[in-house]
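Asks: Using numbering that gives the first Met the number 0, read the sequence shown as starting at 0 and increasing by one per residue. Using N, Cα and C, we set each Cβ at its ideal position, and we do this for glycine too.
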Amino acid sequence: MKIFVDSADTAAIRRLAEAGLIDGVTTNPSLIAKAGADFLETVGELAAMVQGPVSAEVAATDYDGMMREAAVLAKIAPNVCIKLPLTMEGLRACRALRAEGRETNVTLCFTANQALLAAKADATYISPFVGRLDDINLDGGDLLRDIREIYDNYPALKTQILAASLRSANHVTDAARAGADAATMPPAVIESLVHHPLTEKGLSAFLDDWRRTGQRIA
Ligand code: E4P
């Protein structure tokens, strides 16, 4: 499963990219607002930082506006993936951009039928929002499993499932078990995947014992 970081915090993303832990980046208008950064500049910086896709979301809601904004975003770098909302206009723009050879990420997916339509529009990625469903007491994991089953029923559909809105390490495990192709999560969730108290306790015991040997590796 590919791991994408869901953030517009360039310092945090750089740290993860340098550790070789991420395969791409997703952003959205809320994350750009939170970072207080210039959108186009940030997308350019991120696209230079990682080799994989950097999802940048259009703000227009009509087809012509989306296509105009997509052209601006696409010019930034070849690895910019155009993020489009799951609306009729968004799906239309998705199909048109795919015909031009652009990668697309269809976002704000909450049902398996929406995911089916995004795949029929040839989206590169579909982003089911797992955490936001869990927030309202629905099961985001069920949605991932339903989409996986449906896509696997129709091998001609090539859209990749990008589990989104993941809030915890358990969400990441669920996404991997459900067969998501990729998962996007905040930097803190990626960092939380590294830690286990027994790893830290074990390492500290090994280091104490090593010091007692008085040896050096040189
Ligand atoms: C996905 O591309 C979205 O940017 C993101 O995962 C939304 O997460 P949230 O529900 O935590 O805002």
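1. So, does the segment 160 to 170 touch the segment 128 to 147, judging by three or more C-beta pairs under 8 Å?
2. Measuring from each Cβ to the nearest heavy atom of the ligand E4P, keep the ones under 6 Å and list them in chain order.
3. Could you compute how far the alpha carbon of CYS108 sits from the alpha carbon of GLY201?
4. Measure the Cβ-Cβ separation of ILE160 and ILE189 and say whether it is below 8 Å.
5. Just list the residues that DSSP pairs PHE3 with in beta bridges.
6. Count the other CB atoms, across all protein chains shown, that sit within 10 Å of the CB of MET87; report buried if there are 16 or more and exposed otherwise.
7. Kindly indicate which three-state DSSP category ALA217 falls into: helix, strand or coil?
8. Reducing DSSP to helix, strand and coil, say where THR106 ends up.
9. Ignoring anything shorter than 3 residues, give me the beta strand (DSSP E) runs that lie fully in the segment 35 to 90, in order along the chain.
10. Should ALA182 and VAL171 be called a contact, given that it needs their Cβ atoms to be closer than 8 Å?
11. In chain order, which continuous runs of the alpha helix (DSSP H) of length 4 or greater are located wholly inside the segment 162 to 211?
12. In chain order, what residues of the same chain have a beta carbon less than 6 Å from the beta carbon of GLY139, not counting five sequence neighbours either side?
Replies: To lay it out plainly:
1. Yes, the segment 160 to 170 touches the segment 128 to 147.
2. Ordered by chain, the residues meeting the criterion of a beta-carbon within less than 6 Å of a non-hydrogen atom of the ligand E4P are ASP5, THR25, ASN27, THR106, SER126, PHE128, GLY130, ARG131, ALA163, SER164, THR183.
3. Indexing the sequence shown from 1 puts residue 108 at position 109. Indexing the sequence shown from 1 puts residue 201 at position 202. In a straight line, the C-alpha of CYS108 is about 42 Å away from that of GLY201.
4. As a working note, residue 160 is residue 161 in the sequence shown. As a working note, residue 189 is residue 190 in the sequence shown. In this structure, ILE160 keeps its C-beta atom at 8 Å or more from the C-beta atom of ILE189.
5. Counted from its first residue, the sequence shown places residue 3 at position 4. Answer is GLY23, THR183.
6. If you number the sequence shown from 1, residue 87 lands on position 88. With fewer than 16 other Cβ atoms within 10 Å, it is exposed.
7. By one-based count along the sequence shown, residue 217 stands at place 218. In the structure shown, ALA217 sits in coil (DSSP, three-state: anything other than H, G, I, E or B).
8. Walking along the sequence shown from the start, residue 106 turns up at place 107. In the three-state reduction of the DSSP assignment, THR106 falls in the strand class.
9. Correct list: 53 to 56, 79 to 84.
10. Along the sequence shown, one-based indexing puts residue 182 at 183. Along the sequence shown, one-based indexing puts residue 171 at 172. Yes; because the gap between Cβ atoms is below 8 Å, this pair is in contact.
11. Runs of the alpha helix (DSSP H) lying entirely within the segment 162 to 211 and spanning at least 4 residues, in chain order: 168 to 176, 186 to 193.
12. Stepping through the sequence shown from its first residue, residue 139 is reached at position 140. Take GLY139, set aside five residues on each side of it, and the residues of its chain with a beta-carbon closer than 6 Å to its own are VAL129, LEU132, ASP133, in chain order.
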